[in-house]
Amino acid sequence: MSESESEPESAESIAVVLPDGSELEVPEDATVEDCAYEIGPGLGRDTVAGKLDGELVAKEEPVYDGVALEIVTDGSEEYLRVMRHSASHCLAQAVCRHYDDVDLAIGPPTDDGFYYDFDNLEIDEADLADLEAEIAEIVEADYEIEREDVSIEEAEERLADDPYKLELLSEFADENEQVSFYKQGEWEDLCAGPHVDSTGEIGAVELLEIAGAYWRGDEENTMQTRIYGTAFEDESDLEEFLERRQEAAERDHRRIGNEMNLFSIQDVTGPGLPLYHPPGKTVLKELEDFVEELNEDAGYDYVETPHVFKTDLWHRSGHYENYEDDMFIFDVGDDEFGLKPMNCPGHAAIFQDQSWSYRDLPIRYAENGKVYRKEQRGELSGLSRVWAFTIDDGHLFVRPDQIEAEVEHIMDMITEIFETFDLEYEMALATRPEKSVGSDEIWERAEEQLESVLEKRDLEYDLEEGDGAFYGPKIDFAFEDAIGRSWDGPTVQLDFTMPERFDLSYVGEDNEEHRPVMIHRALYGSYERFFMMLIEHYEGNFPLWLAPEQVRVLPISDANLEYAREIVERFDEFRVEVDDRDSTLERKIRAAHDDRVPYQIIVGDNEEEAGNISVRDRFEDQEYDVEIDAFSAHLEAERDEKRTEPDFLQ
Ligand SMILES: [Zn+2]
Ligand SMILES: [Zn+2]
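Residue numbering for the sequence shown follows the numbering used here, starting at 39 and increasing by one per position.
This is how it looks when you write it as structure tokens:
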């Protein structure tokens with residue numbers, strides 16, 4: 039910047055804001071590291087990196103007036119991230135040592151590790167051990183990790199053989215005169231940092247898997263080879279991580295879904311478009327019925343809307359402007375149509391088609407509405423990220439004075455969901471953001487009512503101030519599963535803008551037209567995400583009421599087959615099958631166990647003579663001489679009460 043352009047107030051010193059709120063005066067060319075030395079020489083020496091307004095940066099980065107500064111040392115939460123970034127450099131260095139003519143792309147840290155993308159790299163999982171050994175040598179060698187700032191021209195020369203790095207450089211070049219390289223031993227990389235001081239500071243590294251990834255996440259680009267890894271400060275932390283990862287892999291809903299024939303996602307039918315097979319649809323149907331019961335008890339009316347609408351509707355709702363890139367849009371004749379990314383506009387259109395009095399409100403609509411959102415193909419994964427999913431959607435049209443009572447009802451329903459599935463949860467109230475629509479009065483009134491619901495129930499919640507949607511405050515829930523992972527769950531969202539856009543109204547007691555408030559709510563969220571979470575939460579061992587096959591009858595020999603079929607008849611109000619294969623009892627028991635059937639009924643000559651059955655559960659407990667009616671009555675109660683575990687023999 040030339041002298042004449044500089045701001046008049048930029049004097050020789052500037053002030054940065056420290057985490058405790060105090061200000062630190064430093065010279066205007068000070069770096070993060072300089073600031074740390076200013077605070078104290080010990081901190082200066084320990085500085086690994088910094089955070090400027092929350093963004094992790096290298097310690098060589100200059101600070102600026104008014105910025106919120108945090109110093110990152112090896113005791114900071116962010117340290118692991120810095121170390122993992124350095125580990126990704128070690129991976130790339132190891133790859134360059136082992137393979138010729140590899141093109142390097144990018145190698146950032148992630149939430150639980152790091153990756154590096156390469157082109158022209160032929161590699162498979164079996165080769166990872168060699169790379170790990172090479173990384174261990176690089177760590178052992180304890181190379182100093184040196185930063186060097188060079189001119190764009192100099193960088194272009196160094197990167198002449200790296201097409202992807204050159205592409206990145208050309209983008210930096212527009213705004214920067216210099217770029218930084220980080221060098222360790224014989225190897226260097228174009229990189230903004232931050233990094234640890236030497237490779238010896240990197241603790242335990244493990245390479246996890248190889249995957250394909252498009253350059254810059256764009257399907258039009260080359261598919262590169264991505265190597266995933268992770269790093270921890272010590273071996274025991276790594277071991278713990280690997281155990282948890284193993285546990286998650288054993289519960290993977292894609293694997294269990296395949297084993298239990300629940301669903302498939304096939305190339306021929308398209309990415310992110312799940313197909314539910316009969317056993318999967320059986321579980322879904324139970325989930326639908328349960329929510330339908332809750333909705334009907336709470337006074338909801340079911341409506342139904344098509345999968346596609348004219349885009350006029352999406353212009354009106356505002357989805358077209360804000361959501362166009364995520365929508366599937368196509369022409370039919372002269373009209374433009376779009377698959378619905380949300381159900382709300384359809385429900386608003388239904389409400390709008392009639393005139394209402396204040397006495398009619400609240401109006402509550404429910405629909406299991408299929409929606410379509412065009413996520414990046416690379417992001418799609420099993421049932422957790424899909425293009426087509428179904429929301430157990432509900433929209434309420436209420437008077438402003440009815441918000442509290444309605445949100446109370448919704449909270450009751452949500453509580454019922456958590457209790458039924460035996461799930462822990464967390465909850466957050468998000469309030470008015472800086473940019474918002476709606477009057478101060480309606481926001482205050484709405485927020486007060488939401489808070490009052492939460493306070494009245496003595497519920498623990500996070501207050502996320504300013505995190506609400508621009509159109510209204512909301513309460514979001516996250517489910518916590520059996521191994522402590524959390525997943526997006528139910529949501530209750532107030533909306534002051536959709537009623538405006540659709541010109542919704544009711545006639546008040548004063549005979550004037552008034553705007554209703556719209557409440558969006560979902561109990562499961564999406565069926566797909568919820569189903570995925572339940573599969574992993576229960577490891578496929580669904581409670582009786584959800585199990586695709588509830589009981590399997592195992593005849594000990596073919597001689598007992600006829601009696602076995604009689605038993606099937608006696609249990610025909612349950613989902614019951616007979617294993618009539620010519621196989622040993624031991625094998626039949628194992629098959630039923632592998633298929634995760636909650637109960638097995640075993641019948642042989644003894645049972646047939648006595649006219650009773652033996653019962654075995656999934657915990658491998660077995661009881662003989664069980665009366666048919668007694669077991670049937672137990673099953674009925676266990677199913678209807680939606681108990682979470684088979685408990686006949688417990
Ligand atoms: Zn880097
Ligand atoms: Zn909605």
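For glycine and all other residues, C-beta sits at the position ideal for the given N, C-alpha and C.
For this session: Please indicate yes or no: does the CB of N299 lie closer than 7 Å to some heavy atom of ligand 2?
Result: For ligand 2, not one heavy atom lies less than 7 Å from the Cβ of N299.
Problem set entry | Inter-residue spacing [alpha-carbon to alpha-carbon] between F568 and L461 | 12 Å
For this session: Excluding the 5 residues preceding and the 5 following Y562 in the sequence, name in chain order all residues of the same chain whose CB lies nearer than 6 Å to its CB.
Result: D430, F568
For this session: Return yes when at least one heavy atom of ligand 2 lies under 7 Å from the C-beta of M121, else no.
Result: no
Problem set entry | The beta strand (DSSP E) enclosing N360, as first and last residue numbers | Where N360 is concerned, there is no enclosing beta strand (DSSP E), although the alpha helix (DSSP H) it sits in stretches over 357-361.
Problem set entry | Cβ-based neighbour list, V614, same chain, cut-off 6 Å, excluding 5 preceding and 5 following | V589, V606
For this session: Quick one: residues in its chain with C-beta nearer than 6 Å to the C-beta of L311, no 5 flanking neighbours on either side, listed in chain order?
Result: Excluding residues within five positions, the ones whose Cβ falls inside 6 Å are W425, A426.
Problem set entry | N-terminal and C-terminal residue of the beta strand (DSSP E) that T263 is part of | 261-270
Exercise. Just how far apart, CA to CA, sit E575 and E676?
Worked result: The question names Glu, but residue 575 in the sequence shown is His. Straight-line spacing of the CA atoms in H575 and E676 works out to 20 Å.
For this session: Note down, in chain order, each residue of its chain lying with its Cβ closer than 8 Å to the Cβ of F347, except the 5 sequence neighbours on either side.
Result: F375, G376, K378, P383, G384
For this session: Identify every residue that forms a DSSP beta bridge with S25.
Result: For the chain, the structure presents residues 39 to 688; residue 25 sits outside this window and is missing.
Problem set entry | Collapsed DSSP secondary structure at N333 in the structure displayed | In the structure shown, N333 sits in a helix (DSSP, three-state: H, G or I).
Exercise. What span of residues does the alpha helix (DSSP H) with T458 cover, start to end?
Worked result: Going by DSSP, T458 is part of the alpha helix (DSSP H) stretching over 441-459.
Problem set entry | Cα-Cα separation between A193 and A230, rounded to whole angstroms | 13 Å
For this session: Please state if the CB of D138 and the CB of T260 are separated by a distance shorter than 8 Å.
Result: no
For this session: Give the DSSP-derived three-state secondary structure of W253 in the structure shown.
Result: helix
Problem set entry | Of the residues F609, G420, A336, the one placed nearest S670, counting alpha carbons only | With distances taken between Cα atoms, S670 lies closest to F609.
Exercise. What is the chain-ordered set of residues for which the beta carbon lies under 5 Å from any non-hydrogen atom of ligand 2?
Worked result: C382, H558
For this session: Quick one: using the 10 Å Cβ neighbour count with 16 as the cut-off for buried, is Q414 buried or exposed?
Result: exposed
Exercise. How long is the line joining the alpha carbons of G241 and L280, rounded to whole angstroms?
Worked result: Taking the CA atoms as reference points, G241 sits about 15 Å from L280.
For this session: Whole angstroms is fine: what's the gap from V555's alpha carbon to P537's?
Result: 7 Å
For this session: Report the three-state DSSP secondary structure of R470 (helix, strand or coil).
Result: coil
Problem set entry | Between the CA atoms of D364 and S302 - distance to the nearest angstrom | If I take the Cα positions, the gap works out to 23 Å.
Exercise. Going by C-alpha distance, which of G356, E489, E486 is nearest M380?
Worked result: Comparing Cα positions, the closest option is G356.
Problem set entry | Neighbourhood of I248 by C-beta distance below 8 Å, restricted to the same chain and skipping five residues each side | I161, D162, E163, L166, T263, R264, I265, Y266
Exercise. Between I627 and I294, is the Cβ-Cβ spacing less than 8 Å?
Worked result: no
Exercise. Does the Cβ of H552 lie closer than 7 Å to at least one heavy atom of ligand 1?
Worked result: no
For this session: Report all residues from its chain with a CB closer than 7 Å to the CB of E444; omit the five preceding and five following residues, and keep chain order.
Result: P400, L434, V436, I557
Exercise. Sorted by chain position, which residues of the same chain lie with C-beta nearer than 6 Å to A74's C-beta, five sequence neighbours on each side aside?
Worked result: Closer than 6 Å at Cβ, skipping near neighbours: L81, G82, T85, I109.
Exercise. Under the criterion of a Cβ to heavy atom distance below 7 Å, does C695 qualify as lining ligand 1?
Worked result: A query on residue 695 cannot be resolved here, the shown segment of the chain reaching from 39 to 688 and no further.
For this session: State yes or no: is the C-beta of T535 within less than 8 Å of the C-beta of D514?
Result: no
Exercise. Run through DSSP, which three-state label would L276 get?
Worked result: In this structure, L276 counts as helix in the three-state DSSP scheme.
Exercise. For ligand 4, is there a heavy atom less than 7 Å away from the beta-carbon of G145?
Worked result: Ligands in the displayed structure: ligand 1 and ligand 2; ligand 4 is not one of them.
Problem set entry | Nearest-angstrom Cβ-Cβ length linking P593 and L599, presumed shorter than 8 Å | 5 Å
Exercise. Using 8 Å as the Cβ pair cut-off and three pairs as the minimum, do the region 456-475 and the region 501-521 touch?
Worked result: yes
For this session: Keeping to the same chain, check which residues put their C-beta closer than 7 Å to that of G88; ignore five residues upstream and five downstream.
Result: V70, V95, K97, E99, L107, E108, I109, V110
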